[in-house]
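Novice: Take a look at this one; I'll ask things after.
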Amino acid sequence: MDLKDLMYRADLMAGQKILITGGGTGLGRVMAEAALLLGAQVVIAGRRIATLEATAAELEAAHGGCVIPLACDIRDPDSIEAMLDGAWQGRAPTGLINNAAGNFISRTEDLSPKGFDAVANIVFRGSFLTTLACGKRWLAAGDRASVVSIVTTWVWNGSPFVVPSAMSKAGVAAMTQSLSVEWGGRGIRFNAIAPGPFPTEGMTARLKPGEGSDAYADMSANPIGRVGRMPELANLAVYLLHPGSEYVNGQVIAIDGGDFQATGGNFSGLRSWTDDQWREARTSIRKTDAKQNSATPDN
Ligand code: NAP
Numbered sequence: 030m031d032l033k034d035l036m037y038r039a040d041l042m043a044g045q046k047i048l049i050t051g052g053g054t055g056l057g058r059v060m061a062e063a064a065l066l067l068g069a070q071v072v073i074a075g076r077r078i079a080t081l082e083a084t085a086a087e088l089e090a091a092h093g094g095c096v097i098p099l100a101c102d103i104r105d106p107d108s109i110e111a112m113l114d115g116a117w118q119g120r121a122p123t124g125l126i127n128n129a130a131g132n133f134i135s136r137t138e139d140l141s142p143k144g145f146d147a148v149a150n151i152v153f154r155g156s157f158l159t160t161l162a163c164g165k166r167w168l169a170a171g172d173r174a175s176v177v178s179i180v181t182t183w184v185w186n187g188s189p190f191v192v193p194s195a196m197s198k199a200g201v202a203a204m205t206q207s208l209s210v211e212w213g214g215r216g217i218r219f220n221a222i223a224p225g226p227f228p229t230e231g232m233t234a235r236l237k238p239g240e241g242s243d244a245y246a247d248m249s250a251n252p253i254g255r256v257g258r259m260p261e262l263a264n265l266a267v268y269l270l271h272p273g274s275e276y277v278n279g280q281v282i283a284i285d286g287g288d289f290q291a292t293g294g295n296f297s298g299l300r301s302w303t304d305d306q307w308r309e310a311r312t313s314i315r316k317t318d319a320k321q322n323s324a325t326p327d328n
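As numbered in this note's numbering, residues 30 to 328 make up the sequence shown, in order.
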């Protein structure tokens, strides 16, 4: 990404410090890069420290500035506190992006309790625990901060075949609305972004398994006729993080080209899948998990 891809002047985020969960990959990395380019200090947190360190080194080499990689599993409150001790070094963050998530497609009747927990413990519980731990520190110090959570458009209409994610993201949207009122008057505001399709490796492997680069070949049902461009998402995130948008509080904003209005923006198209297609999907998702040594369980 280049500064000219963004809508803002070069020093817009100078003096800001932004903490991004899942900032080593995908959309989190994109938002980290944008904040860095605009002069913010950036902290990226996730489970795979080698990935975070590589991202931090690449972004600093490309743009200068400071990206701090910190290991953290947001399912574990102690791990969150240890990560926040690092993130608060020097000065407190001025913004948090709850971006970390897990998800995979499955027929709901094929899910085990472990499969439900694999998603809900990251998205529903982990986003809350991270927000709570940051909030306590900000409130105790009287700091001002902006929290942006990355949800999905299925917070409005649900989605078949990703039910643990649909339930969890709806919970994060409810947290956004609830805390915008409870903590808004104490300097901490809350908004959420609901992206449409922004192809990332993580998302494609578990939500469109086996499709690779064909996954988004036909975007004709989307009113804008294409997938999202990463700088478009970054522009919205920066807007919500910057104090200039302080009067925006408690909102969930879609950035999907109108996909949700046109198509429902969810996985209802998978109703026609055969048993064989579900078997293939499951095999492909397990291969991805084995490769990444990640936490998606036998569903
Ligand atoms: P991604 O690259 O797979 O990002 C997920 C990130 O979350 C990874 O960096 C991962 O790092 C981190 N993570 C997962 N579990 C974690 C845990 N327990 N503790 C800490 N970090 C954890 O996928 P993405 O597409 O960029 O998704 C980013 C966000 O956008 C997600 O909230 C997703 O639901 C949302 N979203 C994406 C799209 C899209 O089109 N891409 C559309 C709608 C919404 P580690 O594995 O190293 O922990």
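All C-beta atoms in this analysis are idealised placements derived from N, C-alpha and C, irrespective of residue type, glycine included.
Looking at the structure shown, is Asn132 part of a helix, part of a strand, or coil, going by DSSP?
Specialist: Within the sequence shown, numbered from 1, the residue matching residue 132 stands at position 103. It is coil, neither helix nor strand.
Novice: Secondary structure at Asn278, three-state DSSP: helix, strand or coil?
Specialist: For the purposes of this step, residue 278 is identified with residue 249 of the sequence shown, where counting begins at 1. Asn278 falls in the coil class under three-state DSSP.
Novice: Short of 8 Å in beta carbon distance, which residues of its chain neighbour Asp327, apart from the five on each side in sequence? Order them along the chain.
Specialist: As a first step, residue 327 must be located in the sequence shown, where it is residue number 298. Low per-residue confidence applies at Asp327: pLDDT is 45, beneath 50, and the placement is therefore not dependable enough to give any value.
Novice: Spatial neighbours of Ser108 within its chain, please: CB distance less than 7 Å, with the 5 preceding and 5 following residues excluded, ordered by chain position.
Specialist: In the sequence shown, counting from the first residue as 1, residue 108 sits at position 79. Taken in chain order, the residues that qualify are Cys101, Asp102.
Novice: For Glu309, does the three-state DSSP call read helix, strand or coil?
Specialist: Mapped onto the sequence shown, residue 309 falls at position 280. It is helical.
Novice: Is the beta carbon of Val256 sitting closer than 8 Å to the one on Pro228?
Specialist: Residue 256 sits at position 227 when you count from the first residue of the sequence shown. Residue 228 sits at position 199 when you count from the first residue of the sequence shown. Taking 8 Å as the Cβ cut-off, Val256 and Pro228 qualify as a contacting pair.
Novice: If I follow the unbroken beta strand (DSSP E) through Ser175, where does it start and stop?
Specialist: As a position in the sequence shown, residue 175 is number 146, starting the count at 1. Start and end: 174-179.
Novice: With a threshold of 7 Å on Cβ separation, who are the neighbours of Tyr37 within its own chain once the five nearest residues in sequence on each side are excluded?
Specialist: Looking up residue 37 in the sequence shown gives position 8. Same-chain partners within the cutoff: Leu67, Val267.
Novice: Output the distance between the C-alpha atoms of Arg308 and Val191, rounded to the nearest integer angstrom.
Specialist: If you number the sequence shown from 1, residue 308 lands on position 279. If you number the sequence shown from 1, residue 191 lands on position 162. The alpha-carbon atoms of Arg308 and Val191 are separated by roughly 16 Å.
Novice: Is Gln306 buried or exposed, if buried means 16 or more other CB atoms sit within 10 Å of its CB?
Specialist: As a first step, residue 306 must be located in the sequence shown, where it is residue number 277. Exposed, by the Cβ-count rule.
Novice: Please report the straight-line C-alpha distance between Ala324 and Ala39, rounded to a whole angstrom.
Specialist: Locating residue 324 in the sequence shown gives position 295, where the first residue counts as 1. Locating residue 39 in the sequence shown gives position 10, where the first residue counts as 1. Only weak support is given to the placement of Ala324: the predicted model assigns it a pLDDT of 47, under 50, and the question is left unresolved by the model.
Novice: Helix or strand or just coil, what does DSSP make of Leu125?
Specialist: Position 96 of the sequence shown, counted from the start, is the residue given in the question as residue 125. Three-state result, Leu125: strand.
Novice: Does the separation of the CB atoms of Leu265 and Ile222 fall below 8 Å?
Specialist: Here residue 265 refers to the residue found at position 236 of the sequence shown. Here residue 222 refers to the residue found at position 193 of the sequence shown. Their beta carbons are under 8 Å apart, which means Leu265 touches Ile222 by this criterion.
Novice: Could you check the C-alpha separation between Leu56 and Leu48 for me, to the nearest Å?
Specialist: Here residue 56 refers to the residue found at position 27 of the sequence shown. Here residue 48 refers to the residue found at position 19 of the sequence shown. Cα-Cα distance, rounded: 14 Å.
Novice: In this structure, how does DSSP classify Gly53 when only helix, strand and coil are distinguished?
Specialist: Translated into positions along the sequence shown, residue 53 becomes position 24. In this structure, Gly53 counts as coil in the three-state DSSP scheme.
Novice: Name the two residues that bound the continuous beta strand (DSSP E) containing Gly75.
Specialist: Against the sequence shown, residue 75 aligns to sequence position 46. Counting along the chain, the beta strand (DSSP E) containing Gly75 begins and ends at 70-75.
Novice: Where do the N-terminal and C-terminal ends of the beta strand (DSSP E) with Pro224 fall, by residue?
Specialist: On the sequence shown, residue 224 is found 195 positions in, with the first residue counted as 1. Here the beta strand (DSSP E) through Pro224 covers 217-224.
Novice: So which of Ser194, Tyr276, Tyr245, Val177 has the shortest CA-CA distance to Arg154?
Specialist: Locating residue 154 in the sequence shown gives position 125, where the first residue counts as 1. That would be Ser194, whose Cα lies nearest to the Cα of Arg154.
Novice: Using 7 Å as the cut-off, classify the Cβ of Cys163 as near or not near the heavy atoms of the ligand NAP, replying yes or no.
Specialist: Along the sequence shown, one-based indexing puts residue 163 at 134. Not under cutoff, so the answer is no.
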